[in-house]
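Worksheet for the structure shown next.
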Amino acid sequence: MFWDHAIETLDRASLRQLQLKRLQATVRRVARKVSFYREQFSQARLRPSHIGALADVRRLPFTTSADLRANYPSGLLAVGLDDTLRLHTSSGTTGKPKALFFSRQDVANAAELCARCLVMTGVTRGDVFQNMMTYGLFTGALVMHYGAEKVGCLVIPAGPGNSEKQLLLMLDFRSTAVHVTPSYALYFAGFLESKGIDPRRDLALRRAFVGAEPYTEDTRRKIEQALGVDVFNSYGLSEMNGPGVAFECEHKHGMHLWEDHYLLEIVDPQTGEPLPEGEYGELVLTTLCREAMPLLRYRTRDITAVVPEPCPCGRTHRRLQRIRGRSDDMLIVRGVNIYPQQIEQVLMSLPQVGRNYLIVLDGLDEMTVKVELAQTSFDGQVEHLVHLENEIVSRLRAEILTRPKVELVPPGSLPVSEGKARRVIDNRKL
Ligand code: ADP
Ligand code: ZN
């Protein structure tokens with residue numbers, strides 16, 4: 439299923455030509471309209487005419503989230519405020535938010551890309567799309583909402599949380615698709631279980647679009663089993679219009695990144711140097727069609743790699759591997775580098791483990807991993823718990839090369855956030 443067959447299957451040579459044309463136009467525009475870039479260009483003695491080939495993108499400066507904050511609120515605008523239509527912000531963790539402006543065309547483009555994503559997984563106008571992402575300043579819900587409407591789905595702007603109401607909507611309106619974070623999807627699955635709802639018997643759900651935070655292949659499988667759906671990985675970030683940047687097709691192996699809108703590079707997060715295709719590094723994106731706020735070589739901090747082979751679906755836009763985490767998610771515990779994803783990978787591969795976990799670091803640089811048990815895994819025998827605890831400790835130790843403490847806790851006892859999950863509590867800096 440294709441939303442725009444011609445562009446989605448455009449041959450690589452033509453796609454690259456289109457990218458070059460759009461890159462050159464973007465560079466010319468920011469040189470004229472955005473003083474931040476103009477100054478950067480003049481410091482580097484760079485002129486738009488120097489961009490003669492796609493590889494010349496490397497001559498352009500990087501843009502970082504610090505640049506977005508420094509130019510808050512409107513320093514990076516390439517159009518007048520009259521030509522902007524919508525504002526989103528991205529929280530980040532500290533300090534000022536990042537402000538992202540959309541022109542009319544940007545809003546339309548974002549919806550168009552989301553429509554491509556949804557249709558690629560088999561969504562049609564007959565679908566009932568329950569959007570369980572956060573509405574508001576966050577791009578996650580609203581941008582996808584427009585995409586689903588564009589396809590012609592019936593869209594239910596449910597927002598996150600309030601599981602009772604979510605269920606009611608699902609039952610009464612026979613929702614077929616949900617858009618949800620992995621942490622809330624797992625939480626909601628537990629809620630259904632506690633209500634005695636069997637999704638395959640009682641609900642009409644067929645697909646879940648899951649993203650906004652990293653998760654593992656095992657978590658995907660858990661959600662698929664618990665909700666009786668196909669889960670498609672969905673990637674985006676506010677700086678690139680929000681969701682709809684990259685999405686899985688029916689093969690569920692890597693996410694097609696829409697290369698007619700975004701120019702992708704994978705660089706070494708330390709040096710910024712490009713890495714060979716297929717190697718993991720930091721994703722860097724340049725907008726090719728953005729009007730209100732074009733960004734050159736934006737450092738996403740997301741760690742991923744390009745899937746080297748072409749996809750059997752026939753789309754020519756390259757795929758990204760599952761995001762391993764953000765370069766700034768990395769924890770250093772007793773001198774060892776650890777990504778929370780490594781811990782999730784170990785936990786979610788164990789059937790006795792439930793749906794939530796929390797990593798706590800204390801003042802002595804000790805790591806404790808709190809792990810919810812699965813509903814069925816406590817049979818009343820304490821020695822079984824001790825055995826499981828020891829097994830988790832030794833598997834984690836093998837993966838992260840340091841020995842954490844593990845604390846088993848009852849199902850549903852760890853905090854759940856409505857938006858993005860908070861997986862790590864670091865008390866070391868307090
Ligand atoms: P914030 O910086 O406030 O979290 P965003 O809502 O723009 O802002 O979040 C975008 C980020 O969310 C991405 O840079 C990435 O780290 C994460 N993300 C989004 N989708 C996925 C996904 N499918 N897998 C892993 N991480 C994701
Ligand atoms: Zn494909």
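Residues in the sequence shown are numbered from 439 upward in steps of one, following the numbering used here.
Beta carbons: idealized from backbone N, C-alpha and C, even for Gly.
Remember, it's a predicted structure, so these values are computed and weren't measured experimentally.
Bridge partner(s) assigned by DSSP for residue i
i, result
"Ala615", "Phe567, Arg645"
"Asn671", "Val648"
"His694", "Phe685, Arg757"
"Ser528", "Lys536"
"Ile704", "Leu721"
"Tyr475", "According to DSSP, Tyr475 bridges with nothing at all."
"Val798", "Thr806, Ile863"
"Tyr736", "Thr501, Leu723"
"Thr464", "DSSP output for Thr464 lists no bridge partner at all."
"Gly763", "Ile741"
"Gly680", "Leu675"
"Val593", "Phe567"
"Thr522", "Ser541"
"Ile489", "Paired residue(s): none; Ile489 is not in a bridge."
"Val791", "Leu811"
"Asn775", "Ile770"
"Pro748", "The partner list for Pro748 (beta bridge, DSSP) is empty, contrary to what the question assumes."
"Pro511", "Partner(s): none; Pro511 has no beta bridge."
"Pro598", "DSSP, once it has assigned bridges, lists no residue as partnering Pro598."
"Pro714", "DSSP, once it has assigned bridges, lists no residue as partnering Pro714."
N- and C-terminal bounds of the alpha helix (DSSP H) containing residue i
i, result
"Pro778", "778 to 786"
"Met558", "542 to 558"
"Phe629", "620 to 632"
"Arg871", "Since the first residue of the chain shown is 439 and the last is 868, residue 871 is not available in this structure."
"His825", "820 to 838"
"Lys588", "577 to 589"
"Arg507", "503 to 508"
Beta-carbon contacts of residue i that lie in its chain and below 6 Å, excluding the five residues immediately before and after
i, result
"Gly857", "Thr572"
"Tyr653", "Pro620"
"Ser787", "Asp656"
"Ile489", "Gln462, Val465"
"Phe500", "Arg735, Arg737"
"Tyr625", "Val854"
"Tyr673", "Gly649, Val683, Ala684, Met693"
"Ala842", "Before going on, a small fix: residue 842 reads as Pro here, not Ala. Counting only Cβ-Cβ distances below 6 Å, and skipping sequence neighbours, we find Met805, Val807, Leu834."
"Thr577", "His526, Ser676, Gly680"
Supposed close pair residue i, residue j - CB separation, criterion 8 Å
i, j, result
"Gln457", "Glu729", "Not quite, the Cβ-Cβ distance comes to about 17 Å (not below 8 Å), so this is no contact."
"Ala642", "Ser613", "6 Å"
"Leu506", "Leu514", "7 Å"
"Val557", "Trp441", "4 Å"
"Val809", "Glu782", "Not really, about 11 Å apart at Cβ, beyond 8 Å."
"Gly597", "Ala623", "Not really, about 15 Å apart at Cβ, beyond 8 Å."
"Ile797", "Val847", "Rounded, the Cβ-Cβ distance is 13 Å, inconsistent with contact."
"Asp668", "Arg645", "5 Å"
"Val705", "Leu713", "6 Å"
"Tyr718", "Ala743", "4 Å"
"Val791", "Leu785", "5 Å"
"Leu733", "Glu821", "Actually they are not in contact, since the Cβ atoms of Leu733 and Glu821 sit about 56 Å apart, beyond 8 Å."
"Pro746", "Glu715", "6 Å"
"Pro681", "Val581", "5 Å"
"Gly634", "Arg793", "With 8 Å as the limit, Gly634 and Arg793 do not qualify as a contact, their Cβ atoms being about 17 Å apart."
"Gln780", "Ile830", "With 8 Å as the limit, Gln780 and Ile830 do not qualify as a contact, their Cβ atoms being about 13 Å apart."
"Leu523", "Val545", "6 Å"
Endpoints, beta strand (DSSP E) assigned at residue i
i, result
"Arg816", "The question names Arg, but residue 816 is Phe in the sequence shown. Per DSSP, Phe816 belongs to no beta strand (DSSP E) and is neither H nor E."
"Glu845", "843 to 847"
"Asp636", "Asp636 -> no beta strand (DSSP E), and no H or E assigned at all."
"Ile445", "First-last for Ile445: 443 to 446, but that is the alpha helix (DSSP H), not the beta strand (DSSP E)."
"Val854", "Val854 -> no beta strand (DSSP E), and no H or E assigned at all."
"Leu769", "769 to 771"
Proximal residues to residue i (C-beta, below 7 Å), its chain only, five neighbours per side dropped
i, result
"Asn775", "Met768"
"Asp803", "Val771, Arg772, Arg866"
"Glu631", "Gln813"
"Arg739", "Glu720, Arg764, Ser765, Asp766"
"Val593", "Phe567, Asn569, His583, Ala586, Glu587"
"Cys751", "Cys687, Glu688, His689"
"Ile445", "Asp698"
"Leu453", "Glu697, Asp698, Thr754"
"Arg467", "Ala516, Pro732"
Closer than 6 Å: residue i CB and nearest the ligand MN heavy atom
i, result
"Ile761", "The ligand content of the structure shown is limited to the ligand ADP and the ligand ZN, which means the ligand MN is not among them."
Proximal residues to residue i (C-beta, below 8 Å), its chain only, five neighbours per side dropped
i, result
"Cys749", "Cys687, His689, His691, Gly692, His694, Arg757"
"Ser512", "Leu519, Ala537, Phe539"
"Pro700", "According to the sequence as given, residue 700 is Tyr; it is not Pro. Excluding sequence neighbours, Tyr700 sits near Met678, Val683, Leu723, Thr724, Thr725, Leu726."
(request) List in chain order the residues whose CB is within less than 6 Å of at least one heavy atom of the ligand ZN. (result) Taking each Cβ in turn, the ones that pass are Cys687, His689, His694, Cys749, Cys751, Arg753.
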